[in-house]
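Visitor:
Protein chains in written order, with the working numbering: chain G, 1 to 103; chain B, 1001 to 1247.
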């Protein structure tokens, strides 16, 4: 039930954030510093989520097949593969390495 | 008089973006059920939160064992850029009444990129609505497909779905790493995450990294040249089909 509650909270906050842009005075968010923080936040969060999902397991750092998925995805992106292909390559790398006995 | 929709560049780009983005709703649906959400919770996130980055952040935190509070916080922080997009779209569209609420809901990376890639005001409007509503419909449809398929797959690890999540986050990050500054912020945030993991509960390291990145943005401010990847409106498909609006 708590999970449902926070899903609804995230949805409400997410919508109000979008709506805010349509309600605030025109110049408020064009402040280059605000725009830049929105940009750096996005980069920081995505980088953090990438790393956390690759090596964190609870409060431990572990090196397992997910690291292979990270490397394979990086190669796919470097080769300009579309998003969906990148995701499939990541899954295939992790599944393949597990088949070979990697944790 | 008015251009037929078939010859409208805003509509054409909007449709191709909607199809490409809608399809990867499959990966969100599958990863969401793999992270422990049920099909209904997954569908609600796509219907009501409807902003890919925040949705992936929510399930990414839950998958790592984080609390729902941390998941909602990460989702809220990633959604901040949508307020900046809303401001930009408000200037272009001036929606009134119920349209304002509809426009706000479909204000995402893709609709903004499609619209701002057009020069004619009519095409900017068409691009925004076609991309926004098109992505909404297909994203929700394919989320459901992915969630039901993921549910049927069984053990997510055997299928490498945890690896797919890692790849998805890197894929969302990649197009934003256009400059040395953007790369440096990503590396610092990644290091902050690694340092925080052993000391705080799961999910919190992501918020620590958000604070670090936000502080860099606030205090590291200088007159940066435009289009270096730090502005929030980065084309999500810089290597798409060649008709990508900002490339």
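For every residue, glycine included, the Cβ atom is placed at its ideal position computed from N, Cα and C.
Rounded to the nearest angstrom, how far is the Cβ of residue 1194 of chain B from that of residue 50 of chain G, given a contact under 8 Å?
Guide: With a Cβ gap of about 11 Å, residue 1194 of chain B and residue 50 of chain G do not count as contacting.
Visitor: At a CB-CB cut-off below 9 Å, which residues of chain B make contact with residue 20 of chain G?
Guide: Near residue 20 of chain G (Cβ distances below 9 Å), the residues of chain B are 1082, 1083, 1086, 1087, 1104.
Visitor: Let me know if residue 1225 of chain B comes out buried or exposed under the rule of 16 or more other beta-carbons within 10 Å of its beta-carbon.
Guide: Below a pLDDT of 50, predicted positions are generally treated as unreliable, and residue 1225 of chain B, at 48, falls in that range; the measurement from the model is reported next regardless. Residue 1225 of chain B should be labelled exposed.
Visitor: Who are the neighbours of residue 101 of chain G on chain B, taking C-beta pairs under 7 Å?
Guide: Near residue 101 of chain G there are no residues of chain B at all, since even the closest Cβ is about 14 Å away, more than 7 Å.
Visitor: So residue 24 of chain G packs on residue 1087 of chain B, CB below 8 Å; how close in whole Å?
Guide: Their Cβ separation, rounded to whole angstroms, is 7 Å, which keeps residue 24 of chain G and residue 1087 of chain B in contact under 8 Å.
Visitor: Expressed to the nearest angstrom, what Euclidean distance is found between the alpha-carbon atoms of residue 1096 of chain B and residue 1106 of chain B?
Guide: Going by the C-alpha atoms only, they are around 15 Å apart.
Visitor: Just verifying my parser: in three-state terms, what is the DSSP assignment at residue 57 of chain G?
Guide: Reduced to three states, the DSSP call for residue 57 of chain G is strand.
Visitor: Nearest to residue 86 of chain G by CA position, among G:71, G:96, G:4, G:98, is which residue?
Guide: Comparing Cα positions, the closest option is G:71.
Visitor: Report all residues from its chain with a CB closer than 7 Å to the CB of residue 1015 of chain B; omit the five preceding and five following residues, and keep chain order.
Guide: The answer, listed in chain order, is 1130, 1134.
Visitor: Assuming residue 1019 of chain B contacts residue 1114 of chain B under a Cβ cut-off of 8 Å, what Cβ separation, rounded to an integer in Å, is found between them?
Guide: Incorrect: roughly 12 Å between the Cβ atoms, too far for contact.
Visitor: Could you tell me the boundaries of the alpha helix (DSSP H) in which residue 23 of chain G lies?
Guide: First-last of the alpha helix (DSSP H) with residue 23 of chain G: 2-23.
Visitor: Please report the straight-line C-alpha distance between residue 1160 of chain B and residue 66 of chain G, rounded to a whole angstrom.
Guide: Cα to Cα, the separation comes out at about 8 Å.
Visitor: Find the nearest neighbour of residue 1093 of chain B within the set B:1075, B:1150, B:1082, B:1112, judged by alpha-carbon distance.
Guide: Residue B:1112 is the option with its Cα nearest to residue 1093 of chain B.
Visitor: Go ahead and label residue 32 of chain G buried or exposed: buried means 16 or more other beta carbons lie within 10 angstroms of its beta carbon, across all protein chains shown.
Guide: Result: exposed.
Visitor: Pick helix, strand or coil for residue 1082 of chain B, following the three-state DSSP scheme.
Guide: Looking at residue 1082 of chain B - three-state DSSP - the assignment turns out to be helix.
Visitor: Which two residues bound the contiguous alpha helix (DSSP H) that contains residue 1140 of chain B?
Guide: Segment 1121-1153, the alpha helix (DSSP H) holding residue 1140 of chain B.
Visitor: Taking C-alpha atoms, which residue in B:1055, B:1084, B:1036 lies nearest to residue 20 of chain G?
Guide: Residue B:1084 is the option with its Cα nearest to residue 20 of chain G.
Visitor: Where does residue 38 of chain G land, buried or exposed, given buried means 16+ other C-beta within 10 angstroms?
Guide: Per the 10 Å Cβ criterion, buried.
Visitor: May I have the straight-line CA-CA distance separating residue 1185 of chain B from residue 40 of chain G, to the nearest angstrom?
Guide: Each residue's Cα considered, the two are about 7 Å apart.
Visitor: In chain G, which residues lie less than 7 Å from residue 1065 of chain B when you measure between Cβ atoms?
Guide: Those are 58, listed as they occur along chain G.
Visitor: For the alpha helix (DSSP H) containing residue 989 of chain B, list its first residue and its last residue.
Guide: Here chain B has residues from 1001 to 1247 only, and residue 989 of chain B is not among them.
Visitor: Can you find the residues in the same chain that come closer than 8 Å, C-beta to C-beta, to residue 1149 of chain B, ignoring five residues on each side of it along the sequence?
Guide: Once the five neighbours on either side are set aside, the close Cβ partners of residue 1149 of chain B are 1026, 1029, 1030.
Visitor: For the alpha helix (DSSP H) holding residue 96 of chain G, just list the boundary residues, first then last.
Guide: 83-99 is the span of the alpha helix (DSSP H), which, as asked, contains residue 96 of chain G.
Visitor: Go to residue 1058 of chain B, then tell me how far its alpha helix (DSSP H) extends in each direction, as first and last residue.
Guide: Taken as a continuous stretch (DSSP letters only), the alpha helix (DSSP H) holding residue 1058 of chain B covers 1052-1063.
Visitor: So what does DSSP say about residue 79 of chain G, is it helix, strand or coil?
Guide: If DSSP states are grouped into helix, strand and coil, residue 79 of chain G belongs with coil.
Visitor: Just verifying my parser: in three-state terms, what is the DSSP assignment at residue 1246 of chain B?
Guide: Low confidence applies here, because residue 1246 of chain B scores a pLDDT of 35, under 50, leaving its location unreliable and the question unanswered by this model.
Visitor: From this set, G:102, G:14, G:18, G:43, which residue's C-alpha is nearest residue 1179 of chain B's C-alpha?
Guide: Among G:102, G:14, G:18, G:43, the Cα nearest to that of residue 1179 of chain B belongs to G:43.
Visitor: Is it true that the CB of residue 1064 of chain B sits closer than 9 Å to the CB of residue 35 of chain G?
Guide: For residue 35 of chain G and residue 1064 of chain B, no; Cβs fall outside 9 Å.
Visitor: At the level of alpha carbons, what is the spacing between residue 1214 of chain B and residue 1171 of chain B?
Guide: One C-alpha to the other measures close to 21 Å.
Visitor: Measuring only the C-alpha atoms, how far is residue 2 of chain G from residue 1217 of chain B?
Guide: About 33 Å.
Visitor: What residue from B:1017, B:1126, B:1038, B:1007 has the CA that sits closest to residue 1152 of chain B's CA?
Guide: Cα-wise, what sits closest to residue 1152 of chain B is B:1038.
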